[in-house]
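Have a look at the structure below before the remarks.
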């Protein structure tokens, strides 16, 4: 029970010549939530990508459930739900078909029932038969969240989950996260503005030019320089 | 059956090609090394400027 | 693993049925290639079975390459490939399903091409044509295996389609040689014995390309 | 300056290449049936050998790169493919120059020639990918995959083209299992030029690898500088 669900060990990422993440250390245990705030371009999305093993690291390690992310077994990958900036939905499939498809990929027992349940849960019942292409941005975001939740994950990584949601949608997502934490899961959320998670005491971090700091801290120039030169 | 020109053509093409390739590589190497030296100097300069080690107290990591 | 494969394939077929462009693009390109070759050959050369066999394979490769890159590019459209990589599926399963989907759309266009070939090259409609089917299927599988593997990266590059053609066509040459030989033998009514060796080569290439793709795809999907 | 492997190759080349040239033009007797053009053979064959070696090395390095993801394997693969390509081009050119007087044509779609030409095309694609694609990990991995598949493709091309007649002379290994060089001096010349071209190509490979390593190092330094600047910007 002590192993962190997700963990970053001096993780660094470079895009070409640009350092995007520098020496990020992060640890998230069961029942905990983390909120990472940062300006646009501070590296929030990159951090989520790196934690999921979607991009190569230039240094350090990303771990999930105590295993290196690149060697994560298939049935452990099922325990993770992710949303990214792009919704990863097939634009020419309907909302229902998208969910059923991802339910099948996650080897859910009854894909169509699961899909129906999550459509209902996120208030997408009315647009279930519409193509993802025709959904509004907010609806697409809800569908993307449903897509991430359909495998009943223990760990969720949501990149800007509230970005285009209305108040009602945000409330639903808040509830989802609360339930997840209550049953011993963990959630990592990014946001460009500080946010609160109902019923949870999230760990607050900020990303400044690719370095992860406690939300209150101010980065020290000298320490950073010394790191660079060693 | 004297095809000396073909023979000479073959051998000169081989050596001209190799020679041109070497010239190309050599020029590229010279350019790269100049750039490398410049960058190394720049980094050393930066290191010298930032050298005074004094713990600011706040942790950056 | 099988459920994942079926889900992927089902998804691709649904997408294709719903205004996908791959099959149509493939058919139109094949038609164009056949017309161009018939005109270029002229009546005399065009009458020979070798010409028909050559035209068939030129149509296959020239329509297959853009078709495959279109199919692979569809997976990049809304970062869907990332979604697949995040799922519990093995990369090899994703690859297998994609190859199967591309091969299916190519098989449909191939049926149309065969029909047009008979019309354009004044061939006989008879059971002999059925013998072309296994040859074409083997050739299609090889092309799909190669172009799906290489297309995964080239479809993200600037000159992607050209690079895909440049890389795939030479690799495909052994299949092309064997395929044209076998098809010409079938069309000229030669005995089965003449087809055995080319078929073996086709099968060997397919095996090689599929195994390579199966093993190497995970390095390219990343 | 400390002695390096590259310098050793260069020195060996400096000795062996003139020696080989001397043997080709002065020492070795003229072959009876083909006349003087046959002397092209003494460099043609080593070039082919070196080209195959380069492509093989490129594939092996590609596999290592995919497996270990270390930049040095990518550089080795690229350098080997480029040197292999240079010598493959020379094989085609010298072959053509030999074929014109002997066969009366520059080029024929003979099995051996076709195979070599396809090999050339494969690596032309590889180098174009390197030149046209961006210089990133993805392109490097794709190049590695292409190199691996290309090498595996070669035996298949050889088999499939065997179906055609070949008129290319089999000098080194003939049907009876012997080599077809009647005079021992011919074999000596071939051996020396084999060594000479090998040393020359090893030197070229080493030079190319050096530029690629320098480029990688340059990239690393630029990265370091960019990191430094980013940290400078980020600090208050």
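Residue numbers (the working numbering), protein chains in the order written: chain A, 59 to 288; chain B, 492 to 552; chain C, 1484 to 1705; chain D, 276 to 511. Where a beta carbon is used, it is the ideal one built from N, C-alpha and C, also for glycine.
Comparing alpha-carbon positions, which option in the options lies nearest residue i?
i: residue 89 (chain A); options: A:252, A:241, A:271; result: A:241
i: residue 423 (chain D); options: D:284, D:353, D:389, D:293; result: D:353
i: residue 390 (chain D); options: D:374, D:404, D:434, D:357; result: D:434
i: residue 485 (chain D); options: B:494, B:513, B:508, B:505; result: B:513
i: residue 1525 (chain C); options: C:1604, C:1623, C:1662; result: C:1604
i: residue 1712 (chain C); options: C:1699, C:1681, C:1620, C:1547; result: Look at the range of chain C in this structure, 1484 to 1705, and you will see that residue 1712 (chain C) is not part of it.
i: residue 1656 (chain C); options: D:329, D:467, D:392; result: D:392
i: residue 281 (chain D); options: D:501, D:369, D:479, D:497; result: D:479
i: residue 192 (chain A); options: A:253, A:135, A:61, A:152; result: A:152
i: residue 1613 (chain C); options: C:1670, C:1690, C:1576; result: C:1670
i: residue 174 (chain A); options: A:214, A:186, A:202, A:76; result: A:186
In three-state terms, what does DSSP make of residue i?
i: residue 317 (chain D); result: helix
i: residue 249 (chain A); result: strand
i: residue 550 (chain B); result: With a pLDDT of 38 at residue 550 (chain B), under the threshold of 50, the modelled position of this residue cannot be trusted, and the question is left open.
i: residue 1571 (chain C); result: coil
i: residue 167 (chain A); result: coil
i: residue 1527 (chain C); result: helix
i: residue 291 (chain D); result: helix
i: residue 1686 (chain C); result: helix
i: residue 326 (chain D); result: helix
i: residue 511 (chain D); result: Note that residue 511 (chain D) scores 40 on pLDDT, short of 50, meaning its location in the model is unreliable; the coordinates nonetheless yield the value given after this. Coil, per DSSP.
i: residue 126 (chain A); result: strand
i: residue 211 (chain A); result: coil
i: residue 189 (chain A); result: strand
i: residue 244 (chain A); result: strand
i: residue 499 (chain D); result: helix
i: residue 492 (chain D); result: helix
i: residue 149 (chain A); result: coil
i: residue 1494 (chain C); result: helix
i: residue 540 (chain B); result: helix
i: residue 485 (chain D); result: helix
i: residue 1562 (chain C); result: coil
What first and last residue would you give for the alpha helix (DSSP H) that runs through residue i?
i: residue 160 (chain A); result: 153 to 163
i: residue 226 (chain A); result: 225 to 240
i: residue 387 (chain D); result: 386 to 407
i: residue 434 (chain D); result: 412 to 437
i: residue 182 (chain A); result: Here residue 182 (chain A) belongs to no alpha helix (DSSP H), and DSSP marks it neither H nor E.
i: residue 1645 (chain C); result: 1643 to 1670
i: residue 1439 (chain C); result: In the structure as shown, chain C begins at 1484 and stops at 1705. Residue 1439 (chain C) is therefore absent and cannot be evaluated.
i: residue 100 (chain A); result: Note, residue 100 (chain A): premise wrong, no alpha helix (DSSP H); not H, not E.
i: residue 1609 (chain C); result: Counting along the chain, residue 1609 (chain C) falls outside any alpha helix (DSSP H), and DSSP gives it neither H nor E.
i: residue 135 (chain A); result: 132 to 135
Got a sec, what are the start and stop residues for the beta strand (DSSP E) residue i sits in?
i: residue 312 (chain A); result: For chain A, the structure presents residues 59 to 288; residue 312 (chain A) sits outside this window and is missing.
Can you check DSSP and say which residues form a bridge with residue i?
i: residue 65 (chain A); result: A:85, A:121
i: residue 141 (chain A); result: A:216
i: residue 1630 (chain C); result: According to DSSP, residue 1630 (chain C) bridges with nothing at all.
i: residue 349 (chain D); result: DSSP, once it has assigned bridges, lists no residue as partnering residue 349 (chain D).
i: residue 70 (chain A); result: A:117
i: residue 264 (chain A); result: A:95, A:271
i: residue 306 (chain D); result: D:310
i: residue 475 (chain D); result: For residue 475 (chain D), which the question treats as bridged, DSSP gives no partner whatsoever.
i: residue 77 (chain A); result: A:72
Between residue i and chain G, is the shortest Cβ-Cβ distance under 7 angstroms, so that the two count as touching?
i: residue 197 (chain A); result: Absent from the structure is chain G; the protein chains it does hold are A, B, C and D.
Quick one: does the C-beta of residue i sit closer than 6 angstroms to a heavy atom of the ligand ATP?
i: residue 414 (chain D); result: The ligand ATP is not part of this structure, which contains no ligands at all.
Can you pull out the residues from the stretch 128 to 139 of chain A whose beta carbon lies closer than 7 angstroms to at least one beta carbon of chain D? Within the stretch 128 to 139 of chain A, no residue has a Cβ that lies closer than 7 angstroms to any Cβ of chain D.
Residues, ordered as in the chain, of the stretch 499 to 525 of chain B that lie near chain D by beta-carbon distance below 8 angstroms: Along the stretch 499 to 525 of chain B, the positions whose C-beta sits under 8 angstroms from a C-beta of chain D are 500, 501, 502, 504, 505, 508, 509, 512, 513, 516, 517, 519, 520, 523, 524, read in chain order.
When Cβ atoms are compared, which residues of the stretch 1645 to 1659 of chain C fall closer than 7 angstroms to chain D? Going along the stretch 1645 to 1659 of chain C in chain order, one finds 1646, 1649, 1650, 1653, 1654, 1656, 1657 with a Cβ nearer than 7 angstroms to chain D.
What residues in the stretch 237 to 259 of chain A bring their beta carbon closer than 8 angstroms to a beta carbon of chain C? Correct list: empty, as no residue qualifies.
Within 8 angstroms of chain D by C-beta, residues of the stretch 75 to 87 of chain A in sequence order: If the cut-off is 8 angstroms between Cβ atoms, the stretch 75 to 87 of chain A has 75, 76, 77, 80 near chain D.
According to a CB-to-CB cut-off of less than 9 angstroms, which residues of the stretch 473 to 500 of chain D neighbour chain A? Per Cβ criterion, the list reads 494, 497, 498, 499, 500.
Selection of the stretch 314 to 325 of chain D by Cβ proximity to chain B, strictly under 9 angstroms: Under the 9 angstroms Cβ criterion, the stretch 314 to 325 of chain D contributes 314, 315, 318, 319, 322.
Determine which residues of the stretch 84 to 113 of chain A have a Cβ less than 7 angstroms from any Cβ of chain C, and write them out in chain order. So the list reads 110, 112, given in the order they occur along the chain.
Interface positions of the stretch 349 to 377 of chain D facing chain B (Cβ-Cβ less than 8 angstroms), listed along the chain: Correct list: 361, 364, 365, 368, 369, 372, 373, 375, 376.
If you measure beta-carbon to beta-carbon, which residues of the stretch 381 to 414 of chain D are closer than 7 angstroms to chain A? Against chain A - using a Cβ distance shorter than 7 angstroms - the residues of the stretch 381 to 414 of chain D are 412.
Cβ-based contacts, 7 angstroms cut-off: residues of the stretch 1553 to 1575 of chain C near chain A: Per Cβ criterion, the list reads 1560, 1561, 1562, 1563, 1565, 1566, 1568, 1569, 1570, 1571, 1572, 1573.
Check each residue of the stretch 1499 to 1511 of chain C: if its Cβ is closer than 7 angstroms to any Cβ of chain A, include it; give the result in chain order. Taking 7 angstroms as the Cβ-Cβ cut-off against chain A, the residues of the stretch 1499 to 1511 of chain C that qualify are 1501, 1502.
Output, in sequence order along the chain, the residues in the stretch 151 to 175 of chain A whose CB is closer than 8 angstroms to any CB in chain C. Closer than 8 angstroms at the C-beta level to chain C, one finds these residues of the stretch 151 to 175 of chain A: 151, 155, 159, 160, 162, 163, 164, 165.
Name the residues in the stretch 298 to 310 of chain D whose C-beta lies less than 7 angstroms from a C-beta of chain B; which are they? Per Cβ criterion, the list reads 310.
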